[in-house]
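Heads up: the sequence lines are chains G and B, in that order. Straight run, no breaks: the first sequence in the working numbering ends on number 315. Straight run, no breaks: the second sequence in the working numbering ends on number 315. Note that beta-carbon positions come from the ideal geometry of N, C-alpha and C, so glycine has one too. Step one of this worksheet: look at the structure below.
2 protein chains.
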Amino acid sequence: MKINLNTSNKRETARAISIVEENNSRSAELMKNLFSKVGSAYRVGITGPPGAGKSTVTNQLTKYLRSQNKTVGIIAVDPTSPFTGGALLGDRVRMSEIGNDPGVFIRSMATRGSLGGLSKKAIEAGDVLDAAGYDFVILETVGVGQSELDIANAADTTMVILVPESGDAVQAMKAGLMEIADIFVLNKTDRPGSEQAFAALKTILMMKAHDENSWMPGIIKTVASENKGIAEVYDEIIRHKSFLEQKNLFLHNREVRTRTRIKQIVEEKLKAELWNDSREKSLNSSLEKVVLGNLSPYHLAEEILNSFRSH
Amino acid sequence: MKINLNTSNKRETARAISIVEENNSRSAELMKNLFSKVGSAYRVGITGPPGAGKSTVTNQLTKYLRSQNKTVGIIAVDPTSPFTGGALLGDRVRMSEIGNDPGVFIRSMATRGSLGGLSKKAIEAGDVLDAAGYDFVILETVGVGQSELDIANAADTTMVILVPESGDAVQAMKAGLMEIADIFVLNKTDRPGSEQAFAALKTILMMKAHDENSWMPGIIKTVASENKGIAEVYDEIIRHKSFLEQKNLFLHNREVRTRTRIKQIVEEKLKAELWNDSREKSLNSSLEKVVLGNLSPYHLAEEILNSFRSH
Numbered sequence: 005m006k007i008n009l010n011t012s013n014k015r016e017t018a019r020a021i022s023i024v025e026e027n028n029s030r031s032a033e034l035m036k037n038l039f040s041k042v043g044s045a046y047r048v049g050i051t052g053p054p055g056a057g058k059s060t061v062t063n064q065l066t067k068y069l070r071s072q073n074k075t076v077g078i079i080a081v082d083p084t085s086p087f088t089g090g091a092l093l094g095d096r097v098r099m100s101e102i103g104n105d106p107g108v109f110i111r112s113m114a115t116r117g118s119l120g121g122l123s124k125k126a127i128e129a130g131d132v133l134d135a136a137g138y139d140f141v142i143l144e145t146v147g148v149g150q151s152e153l154d155i156a157n158a159a160d161t162t163m164v165i166l167v168p169e170s171g172d173a174v175q176a177m178k179a180g181l182m183e184i185a186d187i188f189v190l191n192k193t194d195r196p197g198s199e200q201a202f203a204a205l206k207t208i209l210m211m212k213a214h215d216e217n218s219w220m221p222g223i224i225k226t227v228a229s230e231n232k233g234i235a236e237v238y239d240e241i242i243r244h245k246s247f248l249e250q251k252n253l254f255l256h257n258r259e260v261r262t263r264t265r266i267k268q269i270v271e272e273k274l275k276a277e278l279w280n281d282s283r284e285k286s287l288n289s290s291l292e293k294v295v296l297g298n299l300s301p302y303h304l305a306e307e308i309l310n311s312f313r314s315h
Numbered sequence: 005m006k007i008n009l010n011t012s013n014k015r016e017t018a019r020a021i022s023i024v025e026e027n028n029s030r031s032a033e034l035m036k037n038l039f040s041k042v043g044s045a046y047r048v049g050i051t052g053p054p055g056a057g058k059s060t061v062t063n064q065l066t067k068y069l070r071s072q073n074k075t076v077g078i079i080a081v082d083p084t085s086p087f088t089g090g091a092l093l094g095d096r097v098r099m100s101e102i103g104n105d106p107g108v109f110i111r112s113m114a115t116r117g118s119l120g121g122l123s124k125k126a127i128e129a130g131d132v133l134d135a136a137g138y139d140f141v142i143l144e145t146v147g148v149g150q151s152e153l154d155i156a157n158a159a160d161t162t163m164v165i166l167v168p169e170s171g172d173a174v175q176a177m178k179a180g181l182m183e184i185a186d187i188f189v190l191n192k193t194d195r196p197g198s199e200q201a202f203a204a205l206k207t208i209l210m211m212k213a214h215d216e217n218s219w220m221p222g223i224i225k226t227v228a229s230e231n232k233g234i235a236e237v238y239d240e241i242i243r244h245k246s247f248l249e250q251k252n253l254f255l256h257n258r259e260v261r262t263r264t265r266i267k268q269i270v271e272e273k274l275k276a277e278l279w280n281d282s283r284e285k286s287l288n289s290s291l292e293k294v295v296l297g298n299l300s301p302y303h304l305a306e307e308i309l310n311s312f313r314s315h
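Have a look at this one:
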């Protein structure tokens with residue numbers, strides 16, 4: 005498989021991402037061929053609750069990065085419902101706005117079922133964009149599941165977008181978004197209640213234990229639809245990047261994330277070996293006994309494990 | 005370990021759940037001793053976005069079940085932030101309201117870190133309540149992560165609570181809540197916009213392909229804080245239960261869920277064996293090479309797998 009990746013050949017990049025999406029031996033081969041070219045791009049994760057304006061922020065930030073002469077690759081992870089099937093509307097609008105810029109590559113990836121697999125594909129697609137030479141790789145995902153944790157685990161800087169609706173900060177806290185945010189973007193601050201939301205968010209952040217060696221996330225106010233506050237978002241990304249470099253955390257954090265990722269690769273392969281036809285069958289044929297209380301699920305699990313160990 | 009579980013001994017039940025929370029060999033032993041007593045309770049999962057009124061619905065439904073002379077065990081899964089640490093406020097209020105009823109057992113379980121482990125513990129705590137003899141076991145969780153999928157996977161009937169805010173139905177759809185719901189509860193229908201929200205929800209549901217053999221989720225309107233619509237929620241649970249029994253799906257669904265659960269038990273044990281000290285060390289010592297592009301993550305993963313296979 006010969007793949008010649010660079011920012012001036014979007015078609016080849018798109019083809020590589022399609023191979024990644026197959027998630028088979030061909031994808032594995034591609035990723036093995038790419039790894040030595042991966043690592044130069046700065047990776048930004050963007051997440052937040054539905055309706056917070058993630059796409060709009062991504063859109064405007066991309067335009068700003070282009071004005072700084074940086075190339076941008078975007079992977080937008082769209083959890084969609086099996087009811088509707090397709091990708092969400094926003095993307096098509098965006099495609100026409102920035103997708104024609106030769107320095108921007110944008111690809112939307114929909115779930116169609118399993119979310120876990122999607123994060124893996126999205127992160128590998130980010131690797132493809134990195135290998136192709138894009139200066140910034142943006143991974144965007146809606147913050148309603150596991151995917152935003154996976155995405156945060158693939159980003160150098162993770163931005164959480166919130167809106168000043170009542171309780172949004174509290175909801176984000178409950179959803180675990182507070183823990184993954186390096187930067188908060190409070191979007192749609194032309195709406196009523198934005199000062200209170202800003203104060204609430206600040207209060208919650210202040211409760212977090214921190215010292216001079218730990219990063220304190222900034223809160224940037226934006227009205228992304230009017231392009232307000234976007235330069236400040238960029239400045240905050242650069243401030244975070246500099247902090248990581250100063251504290252020798254940049255490579256360290258990447259190592260920590262690589263560790264998680266390798267563990268996932270190993271575990272996925274092991275699971276595939278574990279659940280072969282024969283063990284699937286022996287599991288299925290014993291389910292009734294377990295449900296009727298005649299066989300302990302823990303005993304059955306042990307039996308399956310033993311069969312794997314002795315194999 | 006001698007545990008004598010029944011509904012008239014709350015202290016013993018509480019002790020058993022504390023053992024489950026330890027998630028160690030003692031918990032495993034307890035669950036092995038219990039399994040033959042598990043299976044009589046009807047399990048209801050309750051989930052939905054933060055602020056939808058899950059606790060209030062659970063509270064009122066519990067009172068209604070008590071008026072029908074049914075005993076109720078409740079496990080409330082509270083994803084909390086490491087920032088604040090404690091469980092959420094609502095629970096304490098609730099405890100005093102229904103917690104003193106001898107026919108009600110209520111336990112709140114907080115995340116404190118890993119969500120995956122919590123779901124397992126919550127489901128096992130549900131098993132404890134089942135074994136203790138509670139007629140209904142309610143598993144309640146906020147719908148913002150993986151946990152609600154796990155909870156749905158442990159319930160005979162899963163209820164999704166929504167409020168008539170604009171776009172709530174669409175957000176739930178994005179979050180995958182539509183796929184797990186057997187019953188929709190549209191709560192706070194005294195608010196403006198509730199008729200439109202009802203219609204929107206109905207439209208989305210109608211898009212789902214269905215025939216006479218598939219269950220069509222009902223939408224029940226409630227104002228839980230005023231105890232309105234709760235009898236109808238109960239009736240809908242019973243309607244779903246009857247449907248499952250009529251179509252021979254009751255045990256079948258439990259088998260499907262048991263299958264998932266046993267797979268999780270097996271995989272968890274295998275992972276614990278995989279990541280022993282020596283393999284953790286060899287992973288850690290190679291991370292820098294991977295990050296700098298001198299070693300392929302896929303190659304390293306393969307090395308670790310080989311060491312496990314030959315062990």
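Touch check for the stretch 34 to 52 of chain B and the stretch 129 to 139 of chain B: three-plus C-beta pairs under 8 Å? Contact between the stretch 34 to 52 of chain B and the stretch 129 to 139 of chain B is present, because at least three Cβ pairs lie under 8 Å.
Which chain G residues are close to residue 301 (chain B), counting only those with a beta carbon under 7 Å from its beta carbon? Within the second sequence, the letter at position 297 stands for residue 301 (chain B). Against chain G, a Cβ distance below 7 Å from residue 301 (chain B) picks out 39, 262, 265, 266 and 269.
How is residue 138 (chain B) classed by DSSP in three states: helix, strand or coil? Position 134 of the second sequence, counted from the first residue, corresponds to residue 138 (chain B). Coil, per DSSP.
Integer Cβ distance of residue 292 (chain B) from residue 259 (chain G), believed to fall under 8 Å: Numbered from 1 along the second sequence, position 288 holds the residue referred to as residue 292 (chain B). Numbered from 1 along the first sequence, position 255 holds the residue referred to as residue 259 (chain G). Between residue 259 (chain G) and residue 292 (chain B) the Cβ distance is about 6 Å, and since that is below 8 Å, they are a contact.
According to DSSP, residues forming a beta bridge with residue 2 (chain G): Any question about residue 2 (chain G) goes unanswered here, given that chain G covers just 5 to 315.
Return no unless some Cβ of chain G is closer than 9 Å to the Cβ of residue 113 (chain B). Here residue 113 (chain B) is taken as the residue at index 109 of the second sequence, counted from 1. Not a single CB atom of chain G sits nearer than 9 Å to the CB of residue 113 (chain B).
Report the neighbours of residue 275 (chain B) on chain G: residues whose CB is nearer than 7 Å to its CB, in chain order. As a first step, residue 275 (chain B) must be located in the second sequence, where it is residue number 271. The contact set of residue 275 (chain B) on chain G, defined by CB atoms closer than 7 Å, consists of 271 in chain order.
For the 8 Å Cβ check, are there 3 or more pairs between the stretch 220 to 234 of chain G and the stretch 188 to 203 of chain G? Touching, per the Cβ criterion.
Straight-line gap, residue 6 (chain B) to residue 114 (chain B) (C-alpha atoms, nearest Å): Translated into positions along the second sequence, residue 6 (chain B) becomes position 2. Translated into positions along the second sequence, residue 114 (chain B) becomes position 110. Cα-Cα distance, rounded: 27 Å.
So residue 111 (chain G) and residue 79 (chain G) are in contact, right, with Cβ under 8 Å, and what is the actual spacing, rounded? Start at 1 with the first residue of the first sequence, and residue 111 (chain G) comes out as number 107. Start at 1 with the first residue of the first sequence, and residue 79 (chain G) comes out as number 75. So it is a contact: roughly 6 Å between Cβ atoms.
Can you check DSSP and say which residues form a bridge with residue 307 (chain B)? Mapped onto the second sequence, residue 307 (chain B) falls at position 303. BP columns for residue 307 (chain B) are empty, so no partner.
For a test of the three-state rule: what should DSSP assign to residue 112 (chain B), helix, strand or coil? As a working mapping, residue 112 (chain B) is identified with position 108 in the second sequence. Three-state DSSP puts residue 112 (chain B) in a strand.
Please report the straight-line C-alpha distance between residue 144 (chain B) and residue 81 (chain B), rounded to a whole angstrom. Counted from its first residue, the second sequence places residue 144 (chain B) at position 140. Counted from its first residue, the second sequence places residue 81 (chain B) at position 77. If I take the Cα positions, the gap works out to 6 Å.
Let's see if you can read the secondary structure: which residues bound the beta strand (DSSP E) around residue 187 (chain G)? Stepping through the first sequence from its first residue, residue 187 (chain G) is reached at position 183. DSSP places residue 187 (chain G) inside the beta strand (DSSP E), whose first and last residues are 187 to 190.
Boundaries of the beta strand (DSSP E) in which residue 166 (chain G) is found, first to last residue: Translated into the one-based positions of the first sequence, residue 166 (chain G) becomes position 162. Its beta strand (DSSP E) spans residues 161 to 166.
Would you tell me roughly how many angstroms separate the C-alpha atoms of residue 296 (chain B) and residue 43 (chain G), rounded to the nearest one? The residue you call residue 296 (chain B) lines up with position 292 of the second sequence. The residue you call residue 43 (chain G) lines up with position 39 of the first sequence. Cα to Cα, the separation comes out at about 7 Å.
Identify the contact partners of residue 20 (chain G) in chain B, using a Cβ-Cβ distance below 7 Å as the criterion. Along the first sequence, one-based indexing puts residue 20 (chain G) at 16. Residues of chain B passing the Cβ test: none, with the nearest at roughly 16 Å.
Using alpha carbons as the reference points, say which of G:126, G:231 and G:166 lies closest to residue 23 (chain G). Your numbering for residue 23 (chain G) matches position 19 in the first sequence. Comparing alpha-carbon positions, the option among G:126, G:231 and G:166 lying closest to residue 23 (chain G) turns out to be G:126.
Measuring only the C-alpha atoms, how far is residue 235 (chain G) from residue 146 (chain B)? As a working note, residue 235 (chain G) is residue 231 in the first sequence. As a working note, residue 146 (chain B) is residue 142 in the second sequence. Between residue 235 (chain G) and residue 146 (chain B), the C-alpha separation is close to 36 Å.
Following the continuous alpha helix (DSSP H) through residue 51 (chain B), name the residue where it begins and the one where it ends. The sequence position of residue 51 (chain B) within the second sequence is 47, counting from 1. Element bounds for residue 51 (chain B): not the alpha helix (DSSP H) but the beta strand (DSSP E), 46 to 51.
Between residue 228 (chain B) and chain G, is the shortest Cβ-Cβ distance under 9 Å, so that the two count as touching? Position 224 of the second sequence holds residue 228 (chain B). Judged by the 9 Å Cβ criterion, residue 228 (chain B) is not in contact with chain G.
Go ahead and pull the three-state DSSP assignment for residue 222 (chain B). Reading the second sequence from its first residue, position 218 is the one you call residue 222 (chain B). In this structure, residue 222 (chain B) counts as strand in the three-state DSSP scheme.
Determine, using beta carbons only, whether residue 10 (chain B) comes closer than 9 Å to chain G. Residue 10 (chain B) sits at position 6 when you count from the first residue of the second sequence. It does not: the Cβ of residue 10 (chain B) has no partner Cβ on chain G nearer than 9 Å.
Could you work out which residues of chain G lie near residue 308 (chain B), taking near to mean beta carbons separated by less than 8 Å? Counting from one through the second sequence, the residue named residue 308 (chain B) turns up at place 304. Residues of chain G passing the Cβ test: 266 and 270.
Residue-chain proximity (residue 204 (chain B), chain G), Cβ-Cβ < 9 Å: Counting from 1 along the second sequence, the entry for residue 204 (chain B) is found at position 200. No, residue 204 (chain B) does not count as interfacial toward chain G.
Closest by CA to residue 169 (chain B), which one among B:204, B:183 and B:246? Within the second sequence, residue 169 (chain B) is the residue found at index 165, counting from 1. Cα-wise, what sits closest to residue 169 (chain B) is B:204.
With 16 as the cutoff for other CB atoms within 10 Å, does residue 64 (chain G) come out buried or exposed? For the purposes of this step, residue 64 (chain G) is taken as residue 60 along the first sequence, with counting starting at 1. Buried, because 16 or more other Cβ atoms sit within 10 Å of the Cβ of residue 64 (chain G).
Three-state secondary structure (DSSP) at residue 80 (chain B)? Position 76 of the second sequence, counting from 1, holds the residue named residue 80 (chain B). DSSP places residue 80 (chain B) in the strand class (E or B) of the three-state scheme.
Mapping DSSP to helix, strand and coil, what is residue 145 (chain B)? Numbered from 1 along the second sequence, position 141 holds the residue referred to as residue 145 (chain B). Here residue 145 (chain B) carries a strand assignment [DSSP, helix/strand/coil].
Contact list for the stretch 246 to 258 of chain G against chain B, Cβ threshold 7 Å: So the close ones are 255 and 258.
Short CB-CB distance (under 9 Å) between residue 220 (chain G) and chain B: As a position in the first sequence, residue 220 (chain G) is number 216, starting the count at 1. Using a CB distance cut-off of 9 Å, residue 220 (chain G) does not count as an interface residue toward chain B.
Tell me the rounded alpha-carbon separation between residue 158 (chain B) and residue 207 (chain G). Residue numbering aside, residue 158 (chain B) sits at position 154 when the second sequence is read from its first letter. Residue numbering aside, residue 207 (chain G) sits at position 203 when the first sequence is read from its first letter. The alpha-carbon atoms of residue 158 (chain B) and residue 207 (chain G) are separated by roughly 37 Å.
Contact list for the stretch 51 to 62 of chain B against chain C, Cβ threshold 7 Å: Among the chains of the structure shown, chain C does not appear; the protein chains present are G and B.
Three-state secondary structure assigned by DSSP to residue 251 (chain G): What you label residue 251 (chain G) is simply residue 247 of the first sequence in a count that begins at 1. Here residue 251 (chain G) sits in coil by DSSP.
Report the CB separation of residue 76 (chain G) from residue 228 (chain G) in whole angstroms; it is logged as a contact under 8 Å. Translated into positions along the first sequence, residue 76 (chain G) becomes position 72. Translated into positions along the first sequence, residue 228 (chain G) becomes position 224. Not confirmed; about 16 Å, so no contact.
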